[in-house]
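The next block holds one structure in the form of structure tokens; read it before the comments.
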Amino acid sequence: MKNKGIIVILLMITMCFLFGNAAYAGVFLNSAHGNSTYGVDRNASGFPDDYPDGHCAHCHEQHASIGGSQPAPAGSGPSKYTLFEENYVNQTDGICFECHKDVGSYQTGGSIVNRSYSYRAGGWTSDTVNDVLESFSYTSPDSVHSLDNIKTFITSKSWEYTSNSNPCNACHNPHAAQGDPANAPNSAKTTGTRGYPVSRPSQHSTDNNSWGLWGDGAGEKMSNYTTGYQAPYRYNSTTTYEPEGDTSSNASKLTDYVTFCTDCHNNSNVINSTALGRNLYTFNWSVEKHGGGAASDGCSDIFDPYYTAGNCGSYVLACTDCHEPHGSPNIFLIRKVVNGGIVTVDSGTGTGPEGKLNKEWMYLCQNCHDGLIEDGYHTHPQVVPGGAPGCSSASCHADTNDFRPCGECHFHGNNLIDSNSYGEQLF
Amino acid sequence: MLNNILVHSGLFRYFILFIFLSFSLLTALAGADVTTGICSDCHTVHNSQGGDQNDPVAFKLNDSYSGFETNMTPNAMLLVSDCVGCHTSTGTSTIVSNAPIVFNTGALSNPLAGGNFTSVRTNDVLGHNVTGIVSQDGSLGLTPPGGTAMSSQLTCAGEYGCHGDRSSGKTNFTGMSKAHHTDDNGGITGASVGLSYRFLNGVLGKEDSDWEQDNTNTSHNEYNGSSSSETDTISYLCAQCHGNLHTWEGGALEVGTASPWLRHPTDIELKSSGEYANYTSYSMIAPVARPDPDTVPATAQVVPGTDIVMCLSCHRAHASPYYKMLRWDIKSSTLATALSGCNVCHTSKN
């Protein structure tokens with residue numbers, strides 16, 4: 003009995019050594035920016051080189067000068083939020099991009115490497131995109147998350163964003179965001195390198211106590227959003243799964259990105275897209291077929307891991323299973339790698355598999371939907387509800403080499419075929 | 032002022048006299064006024080004793096800062112020494128005969144609220160470069176950050192100083208005229224130099240009797256602050272040289288008028304919302320000013336939404352061991368320590 007007591011005491015002491023620091027550090031000190039080893043560390047003319055890594059002074063100049071002179075970059079004067087550069091200028095210019103780029107970064111070393119989601123979660127390590135500025139610099143026909151459009155939208159909400167806000171802060175709390183993987187920019191995520199980079203825009207606050215990370219806590223995982231989440235395969239693998247590359251699907255490994263993204267992208271928010279020249283389609287993910295709604299096609303035309311997992315008809319995807327958050331070489335921020343396979347969609351109407359026109363979307367869809375490949379087209383109803391011709395009619399496919407683009411019907415929020423109600427969601 | 036030179040020189044007798052009389056004279060100095068006592072403690076009529084002009088009474092800090100030496104040149108106001116001479120010690124104590132010591136030439140214990148000029152002797156960035164203590168700033172020259180160039184090096188008082196009457200032509204001596212003789216028992220009103228907080232002309236405040244030597248939040252200076260453009264605040268005084276760094280002097284173009292600020296604001300209320308609401312226990316690391324220093328309900332407490340952010344929330348007035356005269360070690364290799372001052376107000380950024 004006495005020995006047990008000693009063991010307990012020794013264990014408690016050990017715990018203190020192991021977790022003492024972690025318990026002391028707050029949200030900022032646990033963030034990527036506030037890390038004392040690899041956090042913010044500005045290297046600029048006129049700026050002291052002996053501030054500790056992670057110190058706020060690397061980004062915030064209390065007096066917009068040091069010793070009466072403004073350190074580089076010496077702009078036209080003091081900047082809002084006491085930042086060393088303008089908080090936000092445009093899609094490729096602002097305080098974040100002064101460091102988050104691979105050439106000319108003010109971060110000591112001159113570069114900060116940040117990889118795409120396809121690289122980090124999908125394991126597609128041949129992706130050459132290696133910094134955030136590059137991710138946001140894609141031009142048509144590629145796609146980016148428009149920072150101007152984000153800013154317009156978030157300032158329209160009652161989320162404490164203002165015209166001075168940085169749209170990067172719609173998704174990231176700069177005083178909390180962690181690397182994911184943390185401090186391993188040239189590796190895909192592993193169990194031991196996980197971090198949590200996002201914070202929900204609807205919870206935005208300047209108070210870290212109110213605006214914490216999303217995904218790091220209980221109740222913030224995909225396993226909490228649904229019992230129907232199946233992690234996709236990693237790139238070129240049928241044995242390892244996103245996001246950590248482990249050998250079994252685990253919905254608790256992925257942040258509940260549905261709840262996160264649907265803060266903005268839902269069935270009520272009106273979000274204008276300058277690139278598309280229209281408002282984004284609104285949708286209710288809880289009823290979409292790829293979301294919480296029932297999918298009636300069963301397992302006959304579904305690839306693994308979804309087929310083998312045997313939960314057909316009930317799967318719920320996470321937004322990041324298909325979309326990149328920053329930018330993509332595909333349209334609509336479609337990832338370059340989805341469920342282990344490469345995706346190339348430049349227009350949706352281009353040539354697809356087998357050289358057939360308008361089948362370009364199949365490069366995406368075929369990574370999960372088997373029927374598309376075997377038959378060249380999937381089985382559509384002969385007649386859509388209301389008696390109008392279905393998609394198998396000559397009006398849709400007058401020539402077997404001429405297919406209608408998948409995206410004409412299968413997009414978020416749609417239940418219409420040629421303006422006729424299909425009676426259920428088509429995406 | 033106890034040092035070997037005194038002991039081995041003819042000044043020793045005056046030193047003993049000075050110490051002896053100080054007990055009777057300076058015990059009344061808690062409020063910094065000298066309304067009673069013996070004149071010769073501070074003044075010398077002929078700067079000589081017994082007709083020997085080669086044995087002057089006046090003294091000054093010697094060139095090596097190791098002690099004091101006689102001064103053949105009489106001081107203005109018939110004073111036995113100047114500001115530095117009286118408020119300097121070669122010992123470690125920061126209060127000598129109830130007089131505040133702002134410059135200990137060597138090691139010291141328990142620096143006073145304004146900090147100790149000893150730091151700036153070795154590094155310009157650690158303090159104000161005051162004449163008589165250190166030469167002008169090698170990097171800044173005569174231009175204070177956030178202000179315009181002065182035509183002469185900073186002094187303790189007068190036109191180029193912080194204390195006393197800062198009118199054109201005023202010196203350490205003339206700027207402080209009558210200040211030490213003013214009876215301030217009626218309170219700090221700012222009506223004259225002698226009735227101003229720490230002889231900072233026109234500034235209000237409440238003076239801690241031990242100049243915060245005990246460094247405790249239950250008894251400390253109460254600084255005057257304002258969330259409007261009042262001119263009787265401690266920060267407004269700083270702004271007379273560092274104007275662009277002060278909310279109301281810098282204005283919209285230099286500091287801004289509300290969040291998002293262009294520079295860290297001073298003389299504004301500590302917000303009562305968000306993370307700021309958690310700053311409720313008065314911190315000696317990052318203290319706040321009060322809108323009315325004479326009616327502070329609880330000295331050890333801070334009231335967000337009422338109390339005021341000031342220059343001295345982050346800086347010492349004289350000097351400190353830390354970069355830019357800060358109140359904490361902003362360059363500590365331990366990040367939590369380097370942020371410790373910021374985190375007093377920015378409570379969730381830890």
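These protein sequence lines map, in sequence, to chains A and B.
Oh and the first sequence: position 362 is 364 in the numbering used here, straight run, nothing missing.
Oh and the second sequence: position 335 is 366 in the numbering used here, straight run, nothing missing.
Note that beta-carbon positions come from the ideal geometry of N, C-alpha and C, so glycine has one too.
**Request:** Kindly indicate the opening and closing residues of the beta strand (DSSP E) around K153 (chain A).
**Result:** Within the first sequence, the letter at position 151 stands for residue 153 (chain A). Here K153 (chain A) belongs to no beta strand (DSSP E); instead the alpha helix (DSSP H) covers 149-158.
**Asked** Would a C-beta distance cut-off of 7 Å place N232 (chain B) and A320 (chain B) closer than the cut-off?
**Response** The residue labelled residue 232 (chain B) in the question sits at position 201 within the second sequence. The residue labelled residue 320 (chain B) in the question sits at position 289 within the second sequence. No, Cβ-Cβ distance for N232 (chain B) and A320 (chain B) is not below 7 Å.
**Request:** Measure the CB-CB distance between T202 (chain B) and G189 (chain B) and report whether it falls below 7 Å.
**Result:** What you label residue 202 (chain B) is simply residue 171 of the second sequence in a count that begins at 1. What you label residue 189 (chain B) is simply residue 158 of the second sequence in a count that begins at 1. It is a contact, given that the beta carbons lie within the stated cut-off.
**Request:** Find the residues of chain B that neighbour D52 (chain A), judging by a C-beta separation of less than 7 Å, and give them in chain order.
**Result:** Locating residue 52 (chain A) in the first sequence gives position 50, counting from the first residue. Chain B residues near D52 (chain A): K362.
**Request:** Would you mind listing the beta strand (DSSP E) stretches within the region 88-166 of chain B that are 3+ residues and don't spill past its ends, in chain order?
**Result:** Listed in chain order, they are 90-92, 99-101.
**Helix, strand or coil at A46 (chain A) [DSSP, three-state]** = Here the question's residue 46 (chain A) lines up with position 44 in the first sequence. If DSSP states are grouped into helix, strand and coil, A46 (chain A) belongs with coil.
**Message:** Going residue by residue through the region 289-350 of chain B, where are the continuous alpha helix (DSSP H) segments of at least 4 residues, counting only ones entirely within it?
**Reply:** none
**Request:** Could you list which residues in chain B have their beta carbon closer than 7 Å to that of R29 (chain A), in chain order?
**Result:** Residue mapping note: residue 29 (chain A) aligns to position 27 of the first sequence, counting from 1. It is Val, not Arg, that sits at residue 29 (chain A) in the sequence shown. What V29 (chain A) touches in chain B: S379.
**Prompt:** Can we say the region 280-287 of chain B touches the region 323-336 of chain B, given the rule of at least three CB pairs closer than 8 Å?
**Reply:** Cβ pair count under 8 Å is below three, so no.
**Request:** Starting from the N-terminal side, write out each stretch of the beta strand (DSSP E) that is 3 residues or longer and does not extend beyond the region 254-340 of chain A.
**Result:** none
**Request:** Return helix, strand or coil for W375 (chain B), following the three-state DSSP convention.
**Result:** As a position in the second sequence, residue 375 (chain B) is number 344, starting the count at 1. Correcting the residue identity first, residue 375 (chain B) is Val in this sequence and not Trp. Three-state result, V375 (chain B): helix.
**Item:** 6 Å Cβ shell around T346 (chain A) - same chain, five flanking residues per side excluded
**Value:** Start at 1 with the first residue of the first sequence, and residue 346 (chain A) comes out as number 344. Correct list, in chain order: Y365.
**Asked** Helix, strand or coil: which one does DSSP assign to A390 (chain A)?
**Response** For this step, residue 390 (chain A) is matched to residue 388 along the first sequence. With a pLDDT of only 49 at A390 (chain A), under 50, the local geometry of the prediction cannot be trusted, and the value read off the model is given with reservation. Three-state result, A390 (chain A): coil.
**Item:** Simplified DSSP assignment, three categories, for T174 (chain B)
**Value:** Residue mapping note: residue 174 (chain B) aligns to position 143 of the second sequence, counting from 1. Note: T174 (chain B) maps to coil in three-state DSSP.
**Request:** Over the uninterrupted alpha helix (DSSP H) stretch that includes V91 (chain A), give me the two end residues.
**Result:** Walking along the first sequence from the start, residue 91 (chain A) turns up at place 89. Counting along the chain, V91 (chain A) falls outside any alpha helix (DSSP H), though it belongs to the beta strand (DSSP E) covering 90-92.
**Message:** Under 7 Å, CB to CB, which of the residues in the region 280-311 of chain B have a partner in chain A?
**Reply:** E285, P291, W292, L293, R294, H295, G305, E306
**Message:** Counting only C-beta atoms, is A24 (chain A) closer than 7 Å to chain B at any point?
**Reply:** As a first step, residue 24 (chain A) is located in the first sequence; it is residue number 22 there, counting from the start. Legend: pLDDT at A24 (chain A) = 41, less than 50; position of this residue unreliable, value from coordinates given subsequently. A24 (chain A) is outside the set of residues whose beta carbon lies under 7 Å from a beta carbon in chain B.
**Message:** With H, G and I counted as helix, E and B as strand and the rest as coil, what does DSSP make of S142 (chain A)?
**Reply:** Residue numbering aside, residue 142 (chain A) sits at position 140 when the first sequence is read from its first letter. DSSP places S142 (chain A) in coil when its eight states are reduced to three.
**Request:** Classify A25 (chain A) as buried or exposed, calling it buried when 16 or more other Cβ atoms lie within 10 Å of its own Cβ.
**Result:** Looking up residue 25 (chain A) in the first sequence gives position 23. Unreliable positioning characterises A25 (chain A) in this predicted model, as indicated by a pLDDT of 43, which lies under 50. A coordinate reading is not provided.
**Item:** Selected residue, minimal CA-CA separation from P160 (chain A), among A:H206, A:N268, A:Y259
**Value:** Mapped onto the first sequence, residue 160 (chain A) falls at position 158. It is Ser, not Pro, that sits at residue 160 (chain A) in the sequence shown. The residue with the shortest Cα to Cα distance from S160 (chain A) is A:H206.
**Request:** Report the three-state DSSP secondary structure of G194 (chain A) (helix, strand or coil).
**Result:** Position 192 of the first sequence, counted from the first residue, corresponds to residue 194 (chain A). G194 (chain A): helix per DSSP, three-state reduction.
**Request:** Would you please verify whether the beta carbon of C373 (chain B) is less than 7 Å from any beta carbon of chain A?
**Result:** The residue given as residue 373 (chain B) occupies position 342 in the second sequence. Yes, because at least one Cβ of chain A sits closer than 7 Å to the Cβ of C373 (chain B).
**Message:** Comparing C-alpha positions only, which one of A:V339, A:E410, A:E426 sits nearest to N417 (chain A)?
**Reply:** Walking along the first sequence from the start, residue 417 (chain A) turns up at place 415. Ranking the options by Cα distance to N417 (chain A), first place goes to A:E426.
**Request:** Find out if the Cβ-Cβ distance for the pair T125 (chain B), N141 (chain B) is shorter than 7 Å.
**Result:** Position 94 of the second sequence, counting from 1, holds the residue named residue 125 (chain B). Position 110 of the second sequence, counting from 1, holds the residue named residue 141 (chain B). By the CB criterion at 7 Å, T125 (chain B) and N141 (chain B) fall inside the cutoff.
**Message:** Would the region 267-275 of chain A count as touching the region 355-370 of chain A if we require 3 or more Cβ pairs under 8 Å?
**Reply:** Contact check between the region 267-275 of chain A and the region 355-370 of chain A: fewer than three CB pairs, one atom from each, fall below 8 Å, which does not count as touching.
**Asked** At a Cβ threshold of 7 Å, is T174 (chain B) touching chain A?
**Response** Here residue 174 (chain B) is taken as the residue at index 143 of the second sequence, counted from 1. Interface residue, yes.
**Asked** Looking only at DSSP bridge pairs, what is S250 (chain B) linked to?
**Response** Numbered from its first residue, the second sequence carries residue 250 (chain B) at position 219. According to DSSP, S250 (chain B) bridges with B:T247.
**Message:** Against chain A, with Cβ distances strictly below 7 Å, would A369 (chain B) count as a contact?
**Reply:** Looking up residue 369 (chain B) in the second sequence gives position 338. A369 (chain B) counts as touching chain A.
**Request:** Identify every residue that forms a DSSP beta bridge with T186 (chain B).
**Result:** One-based indexing of the second sequence puts residue 186 (chain B) at position 155. Answer is B:G192, bridged to T186 (chain B).
**Prompt:** Does any CB atom of chain B fall closer than 7 Å to the CB of N166 (chain A)?
**Reply:** Indexing the first sequence from 1 puts residue 166 (chain A) at position 164. So, interface residue.
**Message:** Would N422 (chain A) pass as an interface residue toward chain B - the criterion being a Cβ-Cβ separation below 7 Å?
**Reply:** Translated into positions along the first sequence, residue 422 (chain A) becomes position 420. Chain B places no beta carbon closer than 7 Å to that of N422 (chain A), leaving this residue out of the contacts.
**Request:** Quickly, what does DSSP pair I344 (chain A) with across the bridge? List them, please.
**Result:** Numbered from 1 along the first sequence, position 342 holds the residue referred to as residue 344 (chain A). Per DSSP, A:V339.
**Request:** Compare the beta carbon distance of Y432 (chain A) and G415 (chain A) with 7 Å and say whether it is the shorter of the two.
**Result:** Summary: the structure shown does not reach residue 432 (chain A), with chain A confined to residues 3 through 429, and so no result is reported for it.
**Prompt:** Between the Cα of C73 (chain B) and the Cα atoms of B:T278, B:S150, B:N147, B:F204, which residue gives the shortest distance?
**Reply:** Position 42 of the second sequence holds residue 73 (chain B). Closest by alpha carbon: B:F204.
**Request:** Determine the DSSP secondary structure at L26 (chain B), reduced to helix, strand or coil.
**Result:** Since the first residue of chain B shown is 32 and the last is 381, residue 26 (chain B) is not available in this structure.
**Asked** Between R280 (chain A) and the rest of its own chain, which residues show a CB-CB distance below 8 Å, the 5 nearest in sequence each way excluded?
**Response** Position 278 of the first sequence, counted from the start, is the residue given in the question as residue 280 (chain A). Only N274 meet the Cβ criterion.
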